[in-house]
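Reviewing the structure listed below.
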Amino acid sequence: MAETIRHDWTRAEILGLLDQPFNDLLFQAQTVHRRHHDPNAVQASTLLSIKTGGCPEDCAYCPQSIHHDVALERERLLSVEAVRSAARRARAQGGERFCMGAAWRRPTDRQLEQVAEMVRAVKEEGLETCLTLGMLTLDQARRLAEAGLDYYNHNLDTAPEFYGRIVTTRQYADRLQTLEYVRAAGLKVCCGGILGMGENREQRAGLLQQLANLPEHPHSVPINLLVQVEGTPLYGTPPLDPLEFVRTVAVARILMPGAHVRLSAGRERMSDELQALCFLAGANSIFLGERLLTQSNPQVERDRQLFRRLGLQVGRVAG
Ligand code: SAM
Ligand code: DTB
Ligand code: SF4
């Protein structure tokens with residue numbers, strides 16, 4: 000049983016974990032989970048898109064890229080007051096962390112200052128803050144830390160060898176560089192990926208290997224299931240076997256015992272039973288609220304009923 004925190008996992012070891020009989024894998028993941036976390040508590044984050052659409056990057060999964068023909072209303076950067084009221088609503092729904100996302104390749108210094116103001120406003124409302132704005136310089140990461148930002152989200156998305164099939168406008172190394180700046184600025188890292196993009200099990204192992212072998216494990220690891228949006232190149236990709244999704248969550252839990260593993264995008268199309276299996280496999284965080292960035296998420300009432308049935312304490316209010 001892996002007890003020590005490791006950063007030297009080989010691809011073969013990770014594949015060995017993924018290949019186990021399902022019951023053995025889930026037992027192992029749940030055992031690790033219980034040593035490090037309250038098994039009945041789930042952290043709740045809420046998303047807000049602060050700048051929507053018109054992104055110059057060509058990520059094949061994303062409805063916000065200018066390279067794809069998706070019916071989506073573009074929106075300029077929101078005002079600080081609009082963000083503050085969204086944060087109040089999120090808090091009233093039981094959210095603990097407020098995550099703001101912008102469809103940028105990288106922010107300008109002027110944009111960064113505007114976003115820093117939003118961070119201050121959200122902190123005043125009593126929520127933890129997270130941002131995802133694309134690439135940052137070291138100086139920008141430091142300025143966000145000074146504004147009181149808690150987390151920065153920057154996903155590796157998939158294995159290095161599959162990355163070129165998904166994005167061509169940036170390199171894997173660019174992502175790793177921003178993650179390094181974020182750590183150097185003392186911000187907490189939120190970093191994960193997307194499953195169901197046509198990758199194979201070995202490539203899922205490759206993503207997990209990259210995440211687990213970062214100099215520090217990310218504090219939060221969002222595991223997204225691809226939301227297939229009409230007009231994006233990945234629309235029509237053969238869906239991933241749901242049990243393979245659960246396996247990947249379980250291995251993320253085993254490799255990164257202290258992290259919050261987040262059952263992220265794609266929950267709306269999952270059955271209650273599949274979500275329950277993901278929690279059993281060690282997922283202990285979700286996005287709460289009816290919208291992700293541009294796509295929909297389960298209704299809060301459906302979530303409440305599920306959490307009640309599972310006896311899970313989610314966010315700041317009982318399930
Ligand atoms: N532009 C910034 C960036 O890419 O880093 C921040 C916003 S971007 C929308 C944040 C993350 O959302 C991506 O890294 C990706 O993992 C996730 N995402 C985007 N579209 C998705 C989709 N259709 N299904 C699942 N996850 C998606
Ligand atoms: C993450 O890993 N998933 C969130 C958050 N980080 C920013 C975003 C999911 C986006 C899903 C597609 C959309 O709503 O546009
Ligand atoms: Fe732009 Fe982020 Fe979407 Fe890629 S994932 S197209 S960088 S908004």
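Start counting the sequence shown at 0; every next residue gets the next number (this note's numbering).
Where a beta carbon is used, it is the ideal one built from N, C-alpha and C, also for glycine.
Keep in mind the model is a prediction, meaning the values are calculated, not measured.
query                                                                                                                                                                   : result
Looking only at its chain, what residues have a beta carbon closer than 6 Å to the beta carbon of Arg203, apart from the 5 residues adjacent to it on each side?        : Thr247
Tell me whether Cys189 sits in a helix, a strand or coil according to DSSP, three-state version.                                                                        : strand
Taking only runs that begin and end inside the segment 270-315, name each unbroken beta strand (DSSP E) of 3 or more residues, in chain order.                          : 284-286
In three-state DSSP terms, what is Thr45?                                                                                                                               : strand
Should His6 be labelled buried (16 or more other beta-carbon atoms within 10 Å of its own) or exposed?                                                                  : exposed
Under a three-way DSSP split, which group does Glu56 fall into?                                                                                                         : coil
Determine, using beta carbons only, whether Gly93 and Gly314 come nearer to each other than 8 Å.                                                                        : yes
Whole angstroms are fine: how far does the CA of Ala144 sit from the CA of Glu80?                                                                                       : 21 Å
From Leu279 to Ser219, what does the alpha carbon distance come to, in whole angstroms?                                                                                 : 17 Å
For Leu305 versus Leu46, is the C-beta distance shorter than 8 Å?                                                                                                       : no
Checking 8 Å against the spacing of the C-beta atoms, do Leu206 and Ala158 come in under that value?                                                                    : yes
How about Gly133: is its Cβ closer than 7 Å to a heavy atom in ligand 3?                                                                                                : yes
Would you give the residue range spanned by the beta strand (DSSP E) that Glu127 belongs to?                                                                            : 127-131
Evaluate Ser78 with the Cβ neighbour count: other Cβ atoms within 10 Å of its Cβ, from every protein chain shown; 16 or more gives buried, anything less gives exposed. : exposed
Out of Arg10, Glu215, Gly15, Val41, point me to the one whose CA is closest to Arg307's CA.                                                                             : Val41
Asp18 to Val31, Cα distance in whole Å?                                                                                                                                 : 18 Å
Cutting at 8 Å between CB atoms, please list the residues of its own chain near Asp149, excluding the five before and the five after it.                                : Arg96, Glu127, Thr128, Cys129, Leu186, Lys187
Can you determine whether any heavy atom of ligand 2 sits closer than 7 Å to the C-beta of Leu292, and answer yes or no?                                                : yes
Only counting the same chain, and skipping five residues up and downstream in sequence, which positions put a Cβ closer than 6 Å to that of Ile13?                      : Ala204, Leu207, Gln208
Apart from the five residues just before and just after Ala317, which ones in its own chain have a Cβ nearer than 6 Å to its Cβ?                                        : With a pLDDT of 47 at Ala317, under the threshold of 50, the predicted position of this residue should be treated as unreliable, though the coordinate-derived value follows. The answer is none, since no qualifying residue turns up.
Output the distance between the C-alpha atoms of Pro217 and Ile253, rounded to the nearest integer angstrom.                                                            : 14 Å
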